[in-house]
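Using my numbering, you'd call the opening residue of the sequence shown number 37 and step up by one each time.
For every residue, glycine included, the Cβ atom is placed at its ideal position computed from N, Cα and C.
Report on the structure given below.
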Amino acid sequence: MTPSNLEILAYEKTPLGDLCLRRRELLSRPGTVITEITLDHQLLMSSYNTVSERALADEALARH
């Protein structure tokens with residue numbers, strides 16, 4: 037991890053705002069590294085809390 041504890045993996049300006057894929061270590065759980073997707077600094081998805089990913093997968097399966 038970088039000294040700031042945050043590594044930007046990808047960054048893109050979009051019509052909806054700044055989209056960012058980042059990785060960081062949880063300060064409350066040393067050694068636990070999570071990956072997050074943010075849009076304009078608002079958390080969209082996290083590998084630590086997978087509720088939104090599961091909901092997205094359920095919706096995709098329901099439409100298929």
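When C-alpha distances from I44 are compared across T50, R60, S64 and L97, the shortest belongs to R60. L97 carries a helical assignment under DSSP once its states are collapsed to helix, strand and coil. Listed in chain order, the non-local C-beta contacts of D54 below 6 angstroms within the same chain comprise D76, local neighbours out to five positions each way being set aside.
Look at R59 here: in three-state DSSP terms it is strand. By a beta-carbon distance limit of 8 angstroms, S88 contacts L80. Their separation comes to about 7 angstroms. Rounded to the nearest whole angstrom, the C-alpha separation of S64 and Y47 is 26 angstroms.
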